[in-house]
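Chemist:
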Amino acid sequence: MADVLVVVDHVEGSVRKPTLELLTVARRLGTPVAVALGAGAGQTAEVLAGHGASRILVSEASEFADFLVVPKVDAVQRAVELVDPVAVLFVSSGENKEIAARLALRLESGVITDAVDVEAGEDGRPVAVQSAFAASYTTRSRVTRGIPVITVKPNSAPVEPVEGAGAVEELAVDFAAGVRGARVVSRSARESTGRPELTEAAIVVSGGRGLGSGENFALIEALADALGGAVGASRAAVDAGWYPHAHQVGQTGKSVSPQLYIASGISGAIQHRAGMQTSKTIVAINKDAEAPIFDLVDYGVVGDLHTVVPQLTEEVAARKG
Amino acid sequence: MSLRIVVCVKYVPDASGDRGFADDLTVDREGVDGLLSELDEYAVEQALRISEAADGDASVTVLTVGPEDAREAVRKALSMGADAGIHVEDDDLHGSDVMGTSLVVASAVERAGFDLVVCGMASTDGVMGVLPALLAERLGVAQLSLLSEVSVAGGVVSGRRDGDVASEVVEAELPAVVSVTDQSGEARYPSFKGIMAAKKKKVESWDLEELELDAELVGAAGAWTAVDGVEARAARSAGTVVKDEGEGGRGVAEFLASRKFV
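In order, the protein sequence lines correspond to chains A and B. Take 1 as the starting number for the first sequence in full-length UniProt numbering and just add one per residue. Take 1 as the starting number for the second sequence in full-length UniProt numbering and just add one per residue.
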């Protein structure tokens with residue numbers, strides 16, 4: 001069976017869940033070969049093999065951390081030359097989409113970003129399902145030239161443990177001369193909240209203008225913790241300085257597609273809906289019965305979130321015992 | 001030496017309008033009003049701030065590729081304070097994918113001459129967010145993208161890039177391509193004076209011939225991807241909405257339990 005190259009998203013060797021989903025997608029198209037880059041790449045092998053990777057190409061060169069984007073393009077290009085895959089898959093993220101696009105250009109291949117699903121078409125080549133215009137349309141697209149390069153959004157496929165051969169190989173990369181163009185001068189790690197990452201969380205609890213203050217995000221955090229979810233925020237709440245931008249859900253922030261999305265004090269402007277409308281189950285709590293968010297919900301409560309949310313948190317905690 | 005800044009902007013269908021697709025599965029531009037992409041306003045703003053910091057020893061040229069109406073996006077940027085505009089328009093561009101578009105933009109940027117190209121983080125219609133990276137690859141210059149802060153000093157552009165796991169301070173020698181996020185700073189509104197001044201500013205009109213590009217490299221003919229189908233998403237079936245009479249939270253918990261979330 002043909003090989004499909006899967007570019008691994010990991011943090012110091014800890015593989016992030018969307019990559020495991022990507023391995024499920026890859027197996028629909030062929031045999032997954034993983035490429036892991038950067039510090040800790042070698043430690044990803046076991047979990048990748050446990051999810052179907054037949055080979056794992058590894059490079060821990062310092063260039064990946066010291067310079068932006070281009071070293072990873074060089075490395076994935078090298079992996080493509082070695083493997084000759086029928087498709088290259090990335091997890092959708094700001095940086096990965098850029099790597100994917102530059103790789104595609106070098107390969108003279110088409111690129112598709114932000115697929116919400118990928119299937120094998122009649123000829124076995126990938127067909128990508130995307131969501132357009134704030135999720136009001138679903139499109140099906142193909143790459144018509146070269147090796148399809150596709151980025152896939154988190155929560156697009158189930159994680160399926162399956163044994164792969166998992167042969168680990170060192171990937172030797174000749175970095176292009178221009179690789180040092182964009183330097184990383186310093187890096188400060190984000191403080192970990194202990195909560196799941198927003199874009200990959202199965203449950204997201206978001207707060208908006210209706211919270212009235214930054215302190216009141218404690219209500220949202222408590223509910224998120226009771227459910228084991230991530231915390232999101234509307235643009236209004238972020239612009240007011242109530243919560244960090246990294247948590248913004250919407251057109252100009254992150255797009256999320258969890259199993260459960262709970263919006264509290266969020267009216268549901270089109271920009272916000274663009275970032276959460278593909279959530280499987282949607283719950284909203286808002287005191288304005290006319291808020292557009294209620295058009296999307298599976299379950300909604302018209303009421304004051306300051307009483308409804310704490311009651312919900314308490315009830316969830318009690319049920320979970 | 002004067003700093004030549006080119007800002008790339010896009011004219012997009014208004015997100016608050018009824019966006020959709022035309023019969024040939026390209027974006028419908030007839031049925032909905034267009035405007036300068038909101039995310040590109042941040043790029044214009046940062047270009048103007050960099051220019052102002054250079055004490056007038058800089059020029060800001062706004063570039064757009066698109067049909068006739070797209071000139072409106074250039075006009076808006078000029079009224080915000082940009083110095084000159086370029087509008088690339090050609091019937092053969094219809095149906096271009098991001099590869100074709102990036103080829104045209106790269107050719108136009110090269111023809112205009114640049115030290116720094118500033119882009120928004122993504123368009124608000126296609127939302128791919130890859131054009132700045134493709135431009136850097138095509139132009140063979142450094143790429144600093146997704147910046148929440150940007151400045152230029154001594155021939156070096158630097159900024160801050162906020163990722164999921166870390167925030168990075170990054171820099172590159174000019175020439176370079178940068179893209180900025182909506183965190184980079186609120187875009188200014190055009191002043192009356194700005195609007196009046198914009199009427200006198202020059203907008204050059206270029207076509208494929210001017211850029212010495214073959215028509216088969218762009219448009220639907222030159223696209224490396226194809227859209228096979230478009231479906232309107234089925235409206236969500238109406239959910240249950242209840243009024244809180246004191247048990248609202250418990251009601252949600254009951255619903256979550258019925259869906260096995262708790």
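Yeah, the Cβ is synthetic: ideal placement off N, Cα and C, and Gly gets one too. Given the structure is predicted, the values throughout are model-derived calculations rather than measurements.
(1) For S109/A, which of F175/A, F133/A, E197/A and A87/A has the nearest alpha-carbon?
(2) Could you compute how far the alpha carbon of G166/A sits from the alpha carbon of Q77/A?
(3) Tell me whether the beta-carbon of G268/A lies closer than 7 Å to the beta-carbon of P292/A.
(4) So which residues on chain A does E110/B lean against when the C-beta distance must stay under 8 Å?
(5) If you check the beta carbons only, do C8/B and L63/B fall under 7 Å apart?
(6) Can you list, in chain order, the stretches of the beta strand (DSSP E) that have 3 or more residues and sit fully within the region 172 to 219 of chain B?
(7) Look up K243/B in the DSSP assignment and say whether it is helix, strand or coil.
(8) If you follow the beta strand (DSSP E) that G300/A is in, where does it begin and where does it stop?
(9) Quick one: grab the DSSP three-state call for F90/A.
(10) In terms of residue numbering, what span does the alpha helix (DSSP H) encompassing A318/A cover?
(11) Along chain B, which residues have their Cβ under 9 Å away from the Cβ of V185/A?
(12) Indicate the three-state DSSP secondary structure (helix, strand or coil) for E21/A in the structure shown.
(13) Give me the residue from R140/A, A39/A and E191/A with the minimum Cα distance to A126/A.
(14) Just to confirm the assignment, what range does the alpha helix (DSSP H) spanning Y42/B have?
(15) For F192/B, does the count of other Cβ atoms within 10 angstroms reach 16, so buried, or fall short, so exposed?
(16) Step through the CB atoms of chain B and report whether any lies within less than 7 Å of the CB of I147/A.
(17) Could you check what DSSP says for P154/A in three-state terms: helix, strand or coil?
(18) Helix, strand or coil for D239/A, going by three-state DSSP, please let me know.
(19) For the region 155 to 221 of chain A, which segments carrying the beta strand (DSSP E) assignment without a break, of at least 3 residues, lie completely within its bounds, in sequence order?
(20) Please confirm whether S92/A and T151/A have their CB atoms less than 7 Å apart.
(21) Go ahead and pull the three-state DSSP assignment for H94/B.
(22) Could you check the C-alpha separation between D57/B and R102/A for me, to the nearest Å?
(23) Going by C-alpha distance, which of G212/A, E169/A and A26/A is nearest P85/A?
(24) Whole angstroms are fine: how far does the CA of A157/A sit from the CA of residue 330/A?
(25) Excluding sequence positions up to five away, which residues of its chain have a Cβ less than 7 Å from the Cβ of G38/A?
(26) Using a Cβ cut-off of 8 Å, which residues of the region 216 to 240 of chain B contact any Cβ in chain A, in chain order?
(27) Please name the residue in S213/A, V302/A and V205/A whose C-alpha comes closest to that of E221/A.
(28) Note down, in chain order, all residues in the region 29 to 51 of chain B with a beta-carbon under 8 Å from any beta-carbon belonging to chain A.
(29) Does the beta-carbon of P161/A have 16 or more other beta-carbons within 10 angstroms, so that it is buried, or is it exposed?
(30) So T19/A contacts chain B; which residues on that side make the cut at Cβ distance below 8 Å?
(31) Comparing C-alpha positions only, which one of V73/A, V111/A and A263/A sits nearest to A226/B?
(32) Mind pulling the chain B residues with CB within less than 8 Å of D74/A?
(33) Compare the C-alpha of P32/A against each of V8/A, V15/A, G42/A and G40/A and name the closest.
(34) Within the same chain, show all residues whose beta-carbon is closer than 8 Å to that of S279/A, passing over the 5 residues directly before and after it, in chain order.
(35) I want to verify the contact list: residues of chain A whose CB lies under 8 Å from the CB of S16/B, in sequence order.
(36) What does E197/A touch in chain B if you count any residue whose Cβ is under 7 Å from its own?
Modeler: Taking the coordinates as given:
(1) Translated into positions along the first sequence, residue 109/A becomes position 109. Nearest option by C-alpha distance: A87/A.
(2) Taking the first sequence and counting its residues from 1, one reaches residue 166/A at position 166. Taking the first sequence and counting its residues from 1, one reaches residue 77/A at position 77. Distance between the alpha carbons of G166/A and Q77/A: 21 Å.
(3) Taking the first residue of the first sequence as position 1, residue 268/A is located at position 268. Taking the first residue of the first sequence as position 1, residue 292/A is located at position 292. Yes, the pair counts as a contact, with Cβ atoms nearer than the cut-off.
(4) Walking along the second sequence from the start, residue 110/B turns up at place 110. What E110/B touches in chain A: nothing, since even the nearest Cβ is about 16 Å away.
(5) Translated into positions along the second sequence, residue 8/B becomes position 8. Translated into positions along the second sequence, residue 63/B becomes position 63. Yes.
(6) 176 to 180 and 203 to 206
(7) The residue labelled residue 243/B in the question sits at position 243 within the second sequence. Strand, per DSSP.
(8) Translated into the one-based positions of the first sequence, residue 300/A becomes position 300. From DSSP, the beta strand (DSSP E) with G300/A extends over Y299 to V302.
(9) Walking along the first sequence from the start, residue 90/A turns up at place 90. Reduced to three states, the DSSP call for F90/A is strand.
(10) Reading the first sequence from its first residue, position 318 is the one you call residue 318/A. It spans L305 to K320 - the alpha helix (DSSP H) in which A318/A sits, taken as one unbroken run.
(11) As a working note, residue 185/A is residue 185 in the first sequence. Going along chain B in sequence order, the residues near V185/A (Cβ under 9 Å) are S158, E168, V169, V170 and E171.
(12) Taking the first sequence and counting its residues from 1, the one referred to as residue 21/A is at position 21. Helix, per DSSP.
(13) Reading the first sequence from its first residue, position 126 is the one you call residue 126/A. The sequence as given places Pro at residue 126/A; Ala does not occur at that position. With distances taken between Cα atoms, P126/A lies closest to R140/A.
(14) Translated into positions along the second sequence, residue 42/B becomes position 42. E38 to A53 is the extent of the alpha helix (DSSP H) around Y42/B.
(15) The residue given as residue 192/B occupies position 192 in the second sequence. It is exposed - the Cβ of F192/B has fewer than 16 other Cβ atoms within 10 Å.
(16) In the first sequence, counting from the first residue as 1, residue 147/A sits at position 147. False, the Cβ-Cβ gap to chain B never drops below 7 Å.
(17) Indexing the first sequence from 1 puts residue 154/A at position 154. Three-state DSSP puts P154/A in coil, outside helix and strand.
(18) For the purposes of this step, residue 239/A is taken as the residue at position 239 of the first sequence. DSSP places D239/A in helix when its eight states are reduced to three.
(19) 167 to 170, 182 to 189 and 203 to 207
(20) Indexing the first sequence from 1 puts residue 92/A at position 92. Indexing the first sequence from 1 puts residue 151/A at position 151. Their beta carbons are under 7 Å apart, which means S92/A touches T151/A by this criterion.
(21) As a working mapping, residue 94/B is identified with position 94 in the second sequence. Three-state result, H94/B: coil.
(22) Numbered from 1 along the second sequence, position 57 holds the residue referred to as residue 57/B. Numbered from 1 along the first sequence, position 102 holds the residue referred to as residue 102/A. If I take the Cα positions, the gap works out to 33 Å.
(23) Looking up residue 85/A in the first sequence gives position 85. Closest option to P85/A, Cα to Cα, is A26/A.
(24) Past the edges of chain A, shown from 1 to 321, lies residue 330/A, and the structure says nothing about it.
(25) Here the question's residue 38/A lines up with position 38 in the first sequence. Same-chain partners within the cutoff: E60, F64 and A65.
(26) A223, W224, T225, A226, V227, D228, G229, V230, E231, A232, R233, R236, G239 and T240
(27) As a first step, residue 221/A must be located in the first sequence, where it is residue number 221. The shortest Cα separation from E221/A among S213/A, V302/A and V205/A belongs to V205/A.
(28) E38 and L39
(29) Translated into positions along the first sequence, residue 161/A becomes position 161. Exposed: under 16 other Cβ atoms inside 10 Å.
(30) Counting from one through the first sequence, the residue named residue 19/A turns up at place 19. Simply none; closest approach about 14 Å.
(31) To locate residue 226/B, count along the second sequence from 1; it is residue 226. Answer by Cα proximity: V111/A.
(32) Position 74 of the first sequence, counting from 1, holds the residue named residue 74/A. Going along chain B, no residue has its Cβ under 8 Å from D74/A, so there is no contact; the nearest lies around 12 Å.
(33) Position 32 of the first sequence, counted from the first residue, corresponds to residue 32/A. Comparing Cα positions, the closest option is V8/A.
(34) As a first step, residue 279/A is located in the first sequence; it is residue number 279 there, counting from the start. Taken in chain order, the residues that qualify are V204, V256, S257, P258, Q259, L260 and Y261.
(35) Position 16 of the second sequence, counting from 1, holds the residue named residue 16/B. Correct list: I270.
(36) Position 197 of the first sequence, counted from the first residue, corresponds to residue 197/A. Those within 7 Å of E197/A in chain B are D164.
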